[in-house]
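Below is one structure, written out as structure tokens, with a few remarks after it.
This is the structure we're talking about:
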């Protein structure tokens, strides 16, 4: 019979006076050495729910509201209602139907994107170590319940509110709750008697980070009952804008200005010419809607959703869809070495003793100096696990069982070592210290030249080395950092983590994408430089942590350009390097997976982690790689650039062709005695045109469009609109002349002819604008895009002869009109090609004048790095929206 735990708020367990850790365990019905049983866990999961306070769910009405909140749509709908009551009922109904179709189309696409984002969030999991049924194992954080016994390790994000029952120099960073930057030391002996959570040193709170040491605690509150959950539930959180979102907002503001100017001028002109106010208002509002790329959010959402699916197939998860675009902006990548440039499977090779010691002695001390005890159990670091798992250490493991671990000084990133006080069967105690060779050697009383030479030889071979030292006669049962002195060097443990066979190819791909790769590692500089050399990445310079400390920010900024490897760096060094680089250049990414990488992940434009990373690293990252592989990252960058390139195709085509059509409408209204196109016809034209462009996310992207990062450039978009928009107006005015002079058309036939011509020209121009190359011959569109464009043009041509013609205000067009239409479309696309070549040649000229030497330097660097295979001129980026990196 499983006892049912009573739900209670976290404060009961935290601040009830005199409630000790043993009292908490008894109250929650848990044995600390065994943990909860499986039936008890299942019952409490039903009772308390998942250990989560927020989740990403697709909200139907929120998506619908985002489609309806456009002021232009509201104004147009209000005008349609007004026209209905003044007698223009058919037009009002048609406008309402078209608006509903437009909103519905955008809604369905954004809903699909939201569901894609929900799937991404569901794929990102966090795990922790918990003891259940007497066994220690990994548990999904969302499955924790009150009463679970959780182990805390360096770098863990505390998964729930815990009452601590054991600690090993545990300190937690609680800035997420208190704003205090200094870590808080934890003391299990303290009995809570205050209501201030900041003073509860016997507790570890959800969301805080283990800064140093380790410990064990009992879960007392989960989800919304935890202190972090209660605070988060009361906040109206809003995520910060990405660079792509800022560009999109600036572009939208630009469109508002253009639409406002055209709408106001057209309304005034029509009123002055004596047209009915309602007709003039509807026409001018329709013009405003027509010039606005109404389905831009839908196109962006569709692109991002499709991109997220493709990136998932390529083993890249992006936590926010808009970050896909920012991943494509990356120009500088800072990456760690282990698992990225190396295989990541550390193997123990040998022990190198010094003086008269044996290899067995070095191994025995190395096995004893493990934070989790003499078992090499779950929770050890990669080097310890490799040591315990190696068959070569079996004899030493037997010798270890005869000794008892008394106390532990945990590892931290400042000391770069850890120590263990052990006792043998005779009662003699020894302090064993293990860590980075430079740190251990610096604490030894004497190190022979032969020992230093042996250490240097291992570094030169590119091996990972851990030094082991001892100190006898330590009387204290609770050693401190001060005791880590006057040590006797026992020897070195040598590990092998060879370079990845395919890492050289991945580095070459990143270079071809215009990304400068720099290695940031806590390892020895010689080892890091050796690995880079093995992969063909020429090391132009090396900086260590002490070197960085001697430089001010301006000096470090200059050094970052020259340096390839940053070695023996602390978390603060990593964050400083990234922050300074980000200030000097855009598109900075950092790839890391440990708690020591969290600061740098936050400082980067794009933080990238891996699925096997620590929770704090995954929380800080924007993108997560399902494989720690630079090839996977290169796929993600290329996909981000493809998505941005396709988004810009729609923006450039939509703004230029819509501007041209609306400019034509404004001009025609000056000399015509009737409206050149009815409001409902303008909206229908816009709806059909936008529908054809929903296939743009499937389009192919030219290779040169992904070779360099691209960014929003509103000035470029404005120039493009002002150059290419009037070209379409030339053919619009030619259509006006044909309809009036050749066919002597009345209002209905005139509107029908211009509707068909404007839809054909602005839809088919995508084939020219989508590429800088010669369309179809050197750059082919995707089949869905080609089919959607041709089908929409066919629908537009058929409407004047269909049964819908009369309600829509159309009439049948003469056959000769279509002959003239084909000729105008051919001439229009040919003229676009001519102007396109002139426009891009003129746009490129300043860029070439400014950067020829930098371009040549990049060529020389690439040739030096990767040999003759990658020499030769790099093809300049032709991503339409920008010139830039």
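Numbering (the working numbering), first residue to last: 1072 to 1956. Think of the CB as a built atom: it goes at the ideal place given N, C-alpha and C, for glycine as much as any other residue.
Residue i versus residue j - alpha carbon distance
| i | j | result |
| --- | --- | --- |
| residue 1899 | residue 1695 | 46 Å |
| residue 1109 | residue 1762 | 54 Å |
| residue 2008 | residue 1783 | Coverage of the chain is limited to positions 1072 through 1956, which leaves residue 2008 absent and any answer about it impossible. |
| residue 1340 | residue 1738 | 10 Å |
| residue 1913 | residue 1781 | 19 Å |
| residue 1624 | residue 1632 | 13 Å |
| residue 1390 | residue 1199 | 21 Å |
| residue 1636 | residue 1902 | 52 Å |
| residue 1175 | residue 1354 | 23 Å |
| residue 1123 | residue 1213 | 6 Å |
| residue 1879 | residue 1752 | 7 Å |
| residue 1539 | residue 1586 | 40 Å |
| residue 1866 | residue 1698 | 47 Å |
| residue 1772 | residue 1846 | 12 Å |
| residue 1523 | residue 1511 | 12 Å |
| residue 1228 | residue 1218 | 18 Å |
| residue 1943 | residue 1779 | Below a pLDDT of 50, predicted positions are generally treated as unreliable, and residue 1943, at 32, falls in that range; no measurement from the model is reported. |
| residue 1265 | residue 1296 | Unreliable placement is indicated for residue 1265, whose pLDDT of 48 sits below 50; no coordinate value is reported for it. |
| residue 1501 | residue 1531 | 32 Å |
| residue 1673 | residue 1224 | 21 Å |
| residue 1215 | residue 1152 | 56 Å |
| residue 1499 | residue 1387 | 53 Å |
| residue 1091 | residue 1104 | 17 Å |
| residue 1776 | residue 1717 | 10 Å |
| residue 1822 | residue 1884 | 10 Å |
| residue 1644 | residue 1279 | 22 Å |
| residue 1627 | residue 1614 | 10 Å |
| residue 1871 | residue 1754 | 16 Å |
Pick from the options that is closest to residue i, judged by C-alpha positions
| i | options | result |
| --- | --- | --- |
| residue 1896 | 1801, 1820, 1355 | 1801 |
| residue 1377 | 1535, 1795, 1766 | 1766 |
| residue 1957 | 1135, 1478, 1480, 1775 | Here the chain has residues from 1072 to 1956 only, and residue 1957 is not among them. |
| residue 1667 | 1344, 1734, 1282 | 1282 |
| residue 1676 | 1684, 1690, 1654 | 1654 |
| residue 1541 | 1514, 1888, 1565 | 1514 |
| residue 1504 | 1519, 1529, 1478, 1520 | 1478 |
| residue 1796 | 1725, 1848, 1343 | 1725 |
| residue 1543 | 1491, 1097, 1639 | 1491 |
| residue 1288 | 1116, 1099, 1487 | 1099 |
Distance CB(residue i)-CB(residue j) smaller than 8 Å
| i | j | result |
| --- | --- | --- |
| residue 1256 | residue 1242 | yes |
| residue 1466 | residue 1417 | no |
| residue 1973 | residue 1404 | Shown here, the chain extends from 1072 to 1956; a query on residue 1973 therefore has no answer. |
| residue 1606 | residue 1583 | no |
| residue 1830 | residue 1756 | yes |
| residue 1547 | residue 1554 | yes |
| residue 1537 | residue 1526 | no |
| residue 1481 | residue 1474 | no |
| residue 1375 | residue 1393 | yes |
| residue 1234 | residue 1284 | no |
| residue 1886 | residue 1864 | no |
| residue 1888 | residue 1824 | yes |
| residue 1563 | residue 1508 | yes |
| residue 1277 | residue 1707 | no |
| residue 1106 | residue 1201 | yes |
| residue 1703 | residue 1385 | yes |
| residue 1395 | residue 1663 | no |
| residue 1420 | residue 1566 | yes |
| residue 1616 | residue 1652 | no |
Rounded Cβ spacing between residue i and residue j (contact assumed at less than 8 Å)
| i | j | result |
| --- | --- | --- |
| residue 1333 | residue 1733 | 6 Å |
| residue 1570 | residue 1413 | 6 Å |
| residue 1590 | residue 1408 | 6 Å |
| residue 1671 | residue 1649 | 5 Å |
| residue 1646 | residue 1665 | Their Cβ separation, rounded to whole angstroms, is 13 Å, which puts residue 1646 and residue 1665 out of contact at 8 Å. |
| residue 1836 | residue 1728 | 6 Å |
Quick test of the definition: if touching needs 3 or more C-beta pairs under 8 Å, does the region 1674 to 1685 touch the region 1551 to 1565? no
For the region 1613 to 1629 against the region 1414 to 1431, are there 3 or more C-beta pairs whose distance is under 8 Å? no
Mind the definition here: the region 1788 to 1807 touches the region 1731 to 1747 only if three or more C-beta pairs lie below 8 Å; say whether that holds. yes
Give a yes or no on contact between the region 1792 to 1801 and the region 1841 to 1858, applying the rule of three or more CB pairs nearer than 8 Å. Contact between the region 1792 to 1801 and the region 1841 to 1858 is absent: fewer than three C-beta pairs spanning the two stretches fall below 8 Å.
For the region 1564 to 1581 against the region 1465 to 1481, do three or more pairs of beta-carbon atoms, one drawn from each stretch, fall closer than 8 Å, so that the two count as touching? no
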